[in-house]
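J.: Here it is, the structure in full.
Protein chains: 2
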Amino acid sequence: MDFLQDLGKVALGSRLRRLGEVFAVDAARLYEMYGVDIHPKWFPVFYLLSRQGECSITTMSKSIGCSHPVVSQVVKEMAKAGLIKTGKSSEDARVNVVKLSTAGKALIPNMEVQVQDVFEAMDVLLRQMRHDFWEALEEMESLLGERSFLERVVERRKLRESRQVEIVEYSDEYHEDFKRLNYEWIRHHFKVEREDYEILEDPHGKILEPGGAILLALYENAVVGTCALLKKDSKTFELVKMTVSTGMRGRSIGWKLGCAALEKARSLGAAKAVVESNTKLKPAISLYRKLGFERGTAQHSPYERCNIQMEINL
Amino acid sequence: MDFLQDLGKVALGSRLRRLGEVFAVDAARLYEMYGVDIHPKWFPVFYLLSRQGECSITTMSKSIGCSHPVVSQVVKEMAKAGLIKTGKSSEDARVNVVKLSTAGKALIPNMEVQVQDVFEAMDVLLRQMRHDFWEALEEMESLLGERSFLERVVERRKLRESRQVEIVEYSDEYHEDFKRLNYEWIRHHFKVEREDYEILEDPHGKILEPGGAILLALYENAVVGTCALLKKDSKTFELVKMTVSTGMRGRSIGWKLGCAALEKARSLGAAKAVVESNTKLKPAISLYRKLGFERGTAQHSPYERCNIQMEINL
DNA sequence: TATATATATGTAGCCAACTACGTAACTTAA
DNA sequence: TTAAGTTACGTAGTTGGCTACATATATATA
Numbered sequence: 123m124d125f126l127q128d129l130g131k132v133a134l135g136s137r138l139r140r141l142g143e144v145f146a147v148d149a150a151r152l153y154e155m156y157g158v159d160i161h162p163k164w165f166p167v168f169y170l171l172s173r174q175g176e177c178s179i180t181t182m183s184k185s186i187g188c189s190h191p192v193v194s195q196v197v198k199e200m201a202k203a204g205l206i207k208t209g210k211s212s213e214d215a216r217v218n219v220v221k222l223s224t225a226g227k228a229l230i231p232n233m234e235v236q237v238q239d240v241f242e243a244m245d246v247l248l249r250q251m252r253h254d255f256w257e258a259l260e261e262m263e264s265l266l267g268e269r270s271f272l273e274r275v276v277e278r279r280k281l282r283e284s285r286q287v288e289i290v291e292y293s294d295e296y297h298e299d300f301k302r303l304n305y306e307w308i309r310h311h312f313k314v315e316r317e318d319y320e321i322l323e324d325p326h327g328k329i330l331e332p333g334g335a336i337l338l339a340l341y342e343n344a345v346v347g348t349c350a351l352l353k354k355d356s357k358t359f360e361l362v363k364m365t366v367s368t369g370m371r372g373r374s375i376g377w378k379l380g381c382a383a384l385e386k387a388r389s390l391g392a393a394k395a396v397v398e399s400n401t402k403l404k405p406a407i408s409l410y411r412k413l414g415f416e417r418g419t420a421q422h423s424p425y426e427r428c429n430i431q432m433e434i435n436l
Numbered sequence: 123m124d125f126l127q128d129l130g131k132v133a134l135g136s137r138l139r140r141l142g143e144v145f146a147v148d149a150a151r152l153y154e155m156y157g158v159d160i161h162p163k164w165f166p167v168f169y170l171l172s173r174q175g176e177c178s179i180t181t182m183s184k185s186i187g188c189s190h191p192v193v194s195q196v197v198k199e200m201a202k203a204g205l206i207k208t209g210k211s212s213e214d215a216r217v218n219v220v221k222l223s224t225a226g227k228a229l230i231p232n233m234e235v236q237v238q239d240v241f242e243a244m245d246v247l248l249r250q251m252r253h254d255f256w257e258a259l260e261e262m263e264s265l266l267g268e269r270s271f272l273e274r275v276v277e278r279r280k281l282r283e284s285r286q287v288e289i290v291e292y293s294d295e296y297h298e299d300f301k302r303l304n305y306e307w308i309r310h311h312f313k314v315e316r317e318d319y320e321i322l323e324d325p326h327g328k329i330l331e332p333g334g335a336i337l338l339a340l341y342e343n344a345v346v347g348t349c350a351l352l353k354k355d356s357k358t359f360e361l362v363k364m365t366v367s368t369g370m371r372g373r374s375i376g377w378k379l380g381c382a383a384l385e386k387a388r389s390l391g392a393a394k395a396v397v398e399s400n401t402k403l404k405p406a407i408s409l410y411r412k413l414g415f416e417r418g419t420a421q422h423s424p425y426e427r428c429n430i431q432m433e434i435n436l
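Protein chains in written order, with this note's numbering: chain A, 123 to 436; chain B, 123 to 436.
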């Protein structure tokens with residue numbers, strides 16, 4: 123058992139299942155003890171029928187919350203044991219109407235006594251606890267209902283990965299990646315324009331030498347995002363070539379790149395930064411807004427694809 | 123789902139298991155997502171080996187807390203998948219020393235990242251809760267460790283049954299039951315003596331007519347216990363023929379009979395009641411003590427089997 | 001030393017859940 | 001009214017756990 127201890131909270135699932143098993147084992151003994159001579163797995167069906175009178179297979183599987191083959195199987199077994207009578211419905215020949223036989227009904231009183239005792243024992247047990255186990259269980263179920271555990275883990279993963287993302291300055295070794303990522307996203311959404319080609323093929327001549335900058339996001343030594351600052355005039359830079367590789371989106375890499383770029387612009391003496399985009403690109407617009415950009419006065423853009431201009435005072 | 127609602131706390135077991143399942147399903151997706159290309163059920167073995175280096179089958183089954191065939195099976199499957207190397211121990215040719223292969227070890231980094239993320243997600247989830255689910259779980263486990271759920275239900279049952287036990291005065295219709303129960307217990311522990319025979323065959327002449335009384339415990343209209351008051355003198359009664367049927371012990375029936383008998387003695391004007399027994403009969407002695415009897419001065423008893431005399435002032 | 005018992009493992013088979021798929025019956029739309 | 005889709009149910013096969021039993025080896029005891 124040191125193992126569960128060791129794994130601790132990671133093994134909560136197994137732990138819950140195991141605790142459930144403990145109850146199940148005891149339950150099996152109880153049926154015997156109370157003279158309710160049924161297989162434990164029959165109980166849900168039996169109980170349901172004792173309450174509802176008659177049910178179809180599907181109705182039962184839905185209210186019990188298990189697959190219909192299980193119910194079908196159980197009904198077959200119980201019929202063989204003489205506890206159940208089945209028959210076709212007169213209204214819909216597909217449905218199998220199931221009800222308790224006389225022998226089955228004869229078990230009801232014992233079963234009710236058993237349920238009563240089990241209920242009381244559980245009630246006493248729960249009231250004896252310092253923690254409200256029942257409420258805690260409900261809360262856990264409801265939280266997992268809002269967002270599954272899987273989603274929660276994925277979120278942690280993205281967080282961890284984003285922490286491992288590093289922003290670095292451009293150097294020639296990144297030229298291929300810089301081109302690849304940008305051509306990819308442009309081709310995916312629009313088409314490559316003359317301006318794109320010129321910049322991507324000659325980042326040195328078109329961005330760096332005129333006094334701009336290029337930043338790259340690295341994750342595990344691979345380039346997963348790019349962003350550049352184009353110098354417009356002594357006090358103004360334009361944010362361009364901002365992209366994050368498809369597999370790494372949702373990890374705040376755009377945010378990191380954006381922050382780093384604005385920081386860089388400030389250090390280069392900028393008073394204002396602008397960015398052009400397309401209203402189709404919702405996530406991009408929303409990122410720029412989060413970074414502090416606001417819708418600016420529309421100006422002539424060299425790109426066909428741009429229909430919105432945003433700016434920020436630094 | 124109305125079913126679980128309806129059954130409420132009675133179905134706690136299923137509910138726990140189901141919640142455990144939810145985690146298990148998500149876990150299965152996670153292995154894939156993290157590139158830990160293993161069957162979910164392999165995880166415990168894999169994790170253990172990644173920590174311990176090498177283990178035997180039994181060691182693993184013990185620390186994981188599952189049966190050894192499962193481990194044996196998993197090891198076979200993992201070996202087939204090339205993740206594990208096995209070999210006989212040099213010290214003990216029975217033990218199968220299991221360790222990760224190079225391919226298996228290659229998965230460790232991914233697995234560790236996964237465990238880390240899962241741990242954090244769980245930690246966040248638990249800290250987000252108003253109730254302390256983790257503590258509640260521990261408390262529940264510890265309570266069930268002290269006394270199993272089965273025992274708790276049995277206790278409720280006894281309580282319920284004892285509430286249904288009724289104490290009535292003797293009448294001739296009970297003669298057979300009175301005799302049967304008493305002969306049974308005497309024969310079981312000792313042997314029937316002349317005195318027993320006389321009283322049991324003629325309760326009217328030996329008990330009632332001299333001014334004594336007989337009380338019976340009824341459960342579902344069946345006699346499940348007896349007790350009589352023998353008049354010794356105007357102020358003293360002796361408690362005799364106190365017995366409870368074997369199947370109904372542990373339901374405080376003796377206590378009920380005893381209380382009723384003392385009450386009856388008082389109403390008959392007694393100032394003192396005595397009882398004779400044998401020190402071998404621990405439960406009987408302890409019952410008398412609980413009723414208020416204290417060890418009295420030993421007197422001559424007509425029964426061979428008696429070696430202790432107790433009395434109480436009413 | 002011979003024998004009895006304990007231990008480590010593997011094999012076979014059971015069990016209760018599941019999914020996948022086929023069939024029959026009903027419902028809807030052309 | 002016919003075709004297409006939906007629903008109810010059963011069957012078959014999978015899975016992950018279990019227990020029971022068989023086998024080989026170790027250890028303890030007469």
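Don't be surprised by glycine CBs; every beta carbon is placed ideally from N, CA and C.
Out of curiosity, what's the CA-to-CA distance linking F255/B and V217/B?
T.: 40 Å
J.: Please identify, using Cβ separations under 9 Å, the residues of the region 154 to 176 of chain B that lie next to chain A, in order along the chain.
T.: M155, Y156, P166, Y169, L170 and R173
J.: Following the continuous alpha helix (DSSP H) through F312/A, name the residue where it begins and the one where it ends.
T.: No alpha helix (DSSP H) contains F312/A, which DSSP labels as neither H nor E.
J.: Mind checking whether V287/B and I375/B have CB atoms under 8 Å apart?
T.: yes
J.: Quick one, are the C-beta atoms of G226/A and L259/A less than 8 Å apart?
T.: no
J.: Relative to the C-alpha of M251/B, which candidate in L248/A, Q195/A and S264/A has its C-alpha closest?
T.: S264/A
J.: Taking CB distances under 8 Å as the criterion, tell me whether S136/B reaches chain A.
T.: yes
J.: Within its chain, find whatever has a CB closer than 6 Å to the CB of T348/B; leave out the 5 residues flanking it on each side and keep chain order.
T.: F300, L303, L338, K363 and T365.
J.: Run through chain B and tell me which residues come within less than 7 Å of R279/A, C-beta to C-beta.
T.: D239
J.: Under three-state DSSP, which class holds S189/B?
T.: coil
J.: Alpha carbon to alpha carbon, how far is M262/A from S194/A?
T.: Taken atom to atom, the span from the alpha-carbon of M262/A to that of S194/A is near 32 Å.
J.: Measuring only the C-alpha atoms, how far is A383/B from K313/B?
T.: 25 Å
J.: Starting from C177/A, follow the alpha helix (DSSP H) in both directions and report where the run begins and ends.
T.: Where C177/A is concerned, there is no enclosing alpha helix (DSSP H), although the beta strand (DSSP E) around it starts and stops at E176 to S178.
J.: In this structure, how does DSSP classify Q286/B when only helix, strand and coil are distinguished?
T.: coil
J.: Does the pairing of the region 149 to 158 of chain A with the region 402 to 419 of chain A give three or more beta-carbon distances under 8 Å?
T.: no
J.: Let me confirm a value: R316/B is counted as buried when at least 16 other C-beta atoms fall within 10 Å, else exposed. Which label applies?
T.: Counting Cβ neighbours within 10 Å, R316/B comes out exposed, since fewer than 16 surround it.
J.: Does any CB atom of chain B fall closer than 8 Å to the CB of H253/A?
T.: yes
J.: Determine the contact status of G334/B and K353/B, defining contact as a CB-CB distance below 8 Å.
T.: yes
J.: Look up M432/A in the DSSP assignment and say whether it is helix, strand or coil.
T.: strand
J.: Check the Cβ-Cβ distances between E213/A and every residue of chain B, and say whether any is below 8 Å.
T.: no
J.: Assess contact between the region 157 to 168 of chain A and the region 158 to 178 of chain B, defined as three or more Cβ pairs (one per stretch) separated by less than 8 Å. Is contact present?
T.: Remark: fewer than three beta-carbon pairs, one from each stretch, lie closer than 8 Å, so the region 157 to 168 of chain A and the region 158 to 178 of chain B are not flagged as touching.
J.: Determine which residues share a DSSP beta bridge with L352/B and list them.
T.: E360/B
J.: With 8 Å as the C-beta to C-beta threshold (strictly closer), list the residues of the region 245 to 272 of chain A near chain B in chain order.
T.: D245, V246, L247, L248, Q250, M251, R252, H253, D254, F255, W256, E257, A258, L259, E261, M262, E263, L265, L266, S270, F271 and L272
J.: Do we get a CB-CB distance below 8 Å when we pair L152/B with the residues of chain A?
T.: Interface residue, yes.
J.: Which residues does DSSP pair with K210/B in a beta bridge?
T.: N218/B
J.: Whole angstroms is fine: what's the gap from E240/A's alpha carbon to G327/B's?
T.: For the sequence presented, residue 240/A should be read as Val rather than Glu. Taking the straight line joining both Cα atoms gives about 47 Å.
J.: Identify the continuous beta strand (DSSP E) that holds S399/A and give its terminal residues.
T.: K394 to S399
J.: Got a sec? Which residues, its chain only, sit under 7 Å from S189/A by beta carbon, not counting five neighbours each side?
T.: S183
J.: Starting from the C-beta of S367/A, find all residues in its chain whose C-beta is less than 7 Å away, skip the five residues before and the five after it, and write them out in chain order.
T.: L303, V346 and G347
J.: Check whether the Cβ of V132/A sits closer than 7 Å to any heavy atom of the ligand FMN, and report yes or no.
T.: Looking at this structure, you won't find the ligand FMN or any other ligand, since it has none at all.
J.: Could you spell out the range, first to last residue, of the beta strand (DSSP E) harbouring I336/B?
T.: That run of the beta strand (DSSP E) goes A335 to Y341.
J.: Comparing C-alpha positions only, which one of I336/B, M370/B, L340/B and P332/B sits nearest to S356/B?
T.: P332/B
J.: On the DSSP letters alone, give me the boundaries of the alpha helix (DSSP H) that R388/A sits inside.
T.: I375 to S389
J.: With H, G and I counted as helix, E and B as strand and the rest as coil, what does DSSP make of T368/B?
T.: Note: T368/B maps to helix in three-state DSSP.
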